[in-house]
Amino acid sequence: MSRPSFLSALGQSVRARLTGLGLFTRFFLMLLQRSGLVFKRPRLVSQQVHFIGNFSLLIIIVSGLFVGFVLGLQGYYTLNRYGSEEALGLLVALSLTRELGPVVTALLFAGRAGTSLTAEIGLMKAGEQLAAMEVMAVDPLTRVFVPRFWGGVIAMPILAAVFSTVGILGGWVVGVLLIGIDTGAFWSQMQNGVDVYKDILNGVIKSIIFGVAVTLIALYEGWRARPTPEGVARATTRTVVTSSLAVLGLDFLLTALMFSH
Amino acid sequence: MLTPPLTSNQAVLHLEGVSLGYGDFTVLQDISLEVMPGQVVAMMGGSGSGKTTLLRAATGQLAARRGTITLFGQDLARTNRPGLQALRQRMGVLFQQGALFTDLNVFENVAFPLREHLTMSASQLSERVLEKLNAVGLRAAAHLKVSEISGGMARRVALARAVVLEPELVLYDEPFAGLDPISLGITARLIRSLSDRLGCASVVITHDIAESFAIADQVYLVGQGQLKAHGAPATLAASTDPYVQQFLNGQADGPVAFDYPVTPAFEAWLVQTGART
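For the record, the sequence lines run as chains A and B.
First residue of the first sequence: 1, per the numbering used here; consecutive thereafter.
First residue of the second sequence: 262, per the numbering used here; consecutive thereafter.
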């Protein structure tokens, strides 16, 4: 490729990305601006929390259980070398509340609820449902997007809490029931070592931020999807890729901010 | 914002020298038309002649490039967003595929505009919705999901939804497309009777000649980016204009070429594929 055409291609790609980022930010601000609906018609939001949360509950519980099992096993192998297996409860609880709970929940949420939000909105667009709403003098951003956005943001920390709880129980099953660590030591180490603000609250803050990121990306991709089968398929894929990368990137930043001394 | 009520001799929808288009492409030029209260106006033309574009302009989704569009006595170009929303509450639109909300059932679809715009008691609301569903013969389908009803039924539900606020103007985008003969006849009579009973104006976008001529007061024929002819159905049927005759009689030969014109892009493509095979 010759130099000028390479430069122009680079410039075009950078410009397209910047425009995309601008549109995304504007979309976010437009949703915030219309969020008064949450207080005027809370039922619309609670329906979405129920819908989105229920959708993901089973996969969250099953995954949380297995992640807990694995943490219990791997933690035991390592801690056993230093003769401190009693700290297994602490290790499982800290790993889950600080990192794995919010992150894995957000990744699963992107795959389960995020894709269905994108596909639903993309198909609503393809079926002229959003246009129909507009000519009925109902703003689709307010009526369709705002409840889904807040539904996702509220559902995410609840799901992360469920994930961490089930994961801790999984660690307990492996550590205490199968391996035979003292149950009193397992729980008391956890109780002593986990801080409500530093560990649990920070985990909750993370999951709220991930909830905003994943739900926003899913809705944005649906909103700008080309209203064709191919367009909706591509948008759904983009939702998973973009939101997974966003979650992992944000997690690194948040961990650096929250847990650095 | 409240808009002033119309007097009976004022046009509900008035287009004066309007040009419409997307990007660099002009779809329609110099269109003038008038829809009076209680009138059924048929807007006819071949596929791709810009009929749906015209509908988008009438609902304020697409701004006119030139000319003025007046809806309920207000110039759309000078109407702000809240004003446009107020005007839209006075009209109903039936979309080509119905555009029913797939996450709501039949009843909730028809109830949607009422819930959004009016405060009514649950019993008043359900009475109004069932009454409208009854008018389209689907009262007993109120509980069904949108995925459980046929395409023809979906269109009738959409019709009930379009008129549930008792609008002064209803726009129908291809209401007859893909309907069986029985549903087609019923839908046509329904459109006429809604106009007669509620006194609302109707604009029917269609290329179904027999049905629309039977119910329309005025017929506008668009083609080749322009308004080709307009008048009462009988006047149009008697017209000797070659375009009108070709359209009404469905002839392949006439001012409208049946074959898509050969373009340089097509010839280049032909050479390229010919070389490859």
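C-beta: ideal position from N, C-alpha, C; glycine also.
Residues that residue i contacts on chain A, provided the C-beta gap is smaller than 9 Å
| i | result |
| --- | --- |
| Pro374 of chain B | Met136, Ala137 and Val138 |
Pairwise C-alpha distance: residue j and residue i
| i | j | result |
| --- | --- | --- |
| Ile52 of chain A | Arg400 of chain B | 31 Å |
| Leu488 of chain B | Leu482 of chain B | 6 Å |
| Pro522 of chain B | Gln485 of chain B | 13 Å |
| Pro516 of chain B | Met133 of chain A | 39 Å |
| Met305 of chain B | Glu295 of chain B | 15 Å |
| Gln189 of chain A | Leu254 of chain A | 26 Å |
| Val397 of chain B | Phe368 of chain B | 13 Å |
| Leu177 of chain A | Arg238 of chain A | 42 Å |
| Trp172 of chain A | Gly89 of chain A | 7 Å |
| Ala495 of chain B | Leu332 of chain B | 28 Å |
| Leu44 of chain A | Arg226 of chain A | 27 Å |
| Leu257 of chain A | Gln33 of chain A | 28 Å |
| Gly127 of chain A | Ile121 of chain A | 10 Å |
Own chain partners of residue i with C-beta closer than 7 Å, once the 5 adjacent residues on each side are dropped
| i | result |
| --- | --- |
| Val174 of chain A | Phe69, Gly72 and Leu73 |
| Glu435 of chain B | Gln357, Ile466 and Thr467 |
| Gly412 of chain B | Gly439 |
| Ala419 of chain B | Leu355, Phe356, Gly359, Ala360 and Leu361 |
| Ile61 of chain A | Val162 and Val166 |
| Thr314 of chain B | Leu281, Val288, Leu289 and Leu323 |
| Leu123 of chain A | Val232 |
| Arg453 of chain B | Val301 and Ile476 |
| Ile168 of chain A | Gly68, Val92, Ala93 and Leu96 |
Own chain residues within Cβ distance below 6 Å of residue i, not counting five before or after
| i | result |
| --- | --- |
| Arg416 of chain B | Gly359 |
| Thr236 of chain A | Thr115, Thr118 and Ala119 |
| Ile208 of chain A | Pro157 |
| Asp478 of chain B | Gln300 and Val301 |
| Thr363 of chain B | Val407 |
C-beta neighbour in chain B for residue i, strict 8 Å
| i | result |
| --- | --- |
| Gly127 of chain A | yes |
| Pro227 of chain A | no |
Per-residue DSSP class, three states only, for residue i
| i | result |
| --- | --- |
| Ala213 of chain A | helix |
| Gly222 of chain A | helix |
| Gln358 of chain B | coil |
| Asp514 of chain B | coil |
| Asp251 of chain A | helix |
| Leu473 of chain B | What sits at residue 473 of chain B in the sequence shown is Ser, not Leu. Three-state DSSP puts Ser473 of chain B in a helix. |
| Leu391 of chain B | helix |
| Arg327 of chain B | strand |
| Ala493 of chain B | coil |
| Asn54 of chain A | helix |
| Phe437 of chain B | coil |
| Ile410 of chain B | coil |
| Gln47 of chain A | helix |
| Met262 of chain B | Below a pLDDT of 50, predicted positions are generally treated as unreliable, and Met262 of chain B, at 41, falls in that range; no measurement from the model is reported. |
| Thr524 of chain B | coil |
| Gly282 of chain B | strand |
| Ser245 of chain B | For residue 245 of chain B there is no data in the structure shown, the boundaries of chain B being 262 and 538. |
| Leu399 of chain B | coil |
| Ala481 of chain B | In the sequence as presented, Ala is not what sits at residue 481 of chain B; that position holds Tyr. Tyr481 of chain B falls in the strand class under three-state DSSP. |
Under 7 Å from the C-beta of residue i: neighbouring residues of chain B
| i | result |
| --- | --- |
| Ala218 of chain A | Chain B residues near Ala218 of chain A: none, gap ~16 Å exceeds 7 Å. |
Short CB-CB distance (under 8 Å) between residue i and chain A
| i | result |
| --- | --- |
| Val354 of chain B | yes |
| Arg349 of chain B | yes |
| Gln346 of chain B | yes |
| Thr363 of chain B | yes |
| Glu377 of chain B | yes |
Contact set between residue i and chain B, taken where Cβ atoms lie within less than 8 Å
| i | result |
| --- | --- |
| Ala131 of chain A | Gln322, Phe356 and Ala360 |
Cβ-based neighbour list, residue i, same chain, cut-off 8 Å, excluding 5 preceding and 5 following
| i | result |
| --- | --- |
| Ile200 of chain A | Thr97 and Val194 |
| Gly307 of chain B | His468, Gly484, Phe508 and Val517 |
Residue i Cβ short of 7 Å to the ligand HEM heavy atom set
| i | result |
| --- | --- |
| Phe51 of chain A | Among the components modelled here there is no ligand, and therefore nothing to report on the ligand HEM. |
Residue i at chain D interface by Cβ criterion, 8 Å
| i | result |
| --- | --- |
| Leu432 of chain B | Any reference to chain D falls outside this structure, whose protein chains are A and B. |
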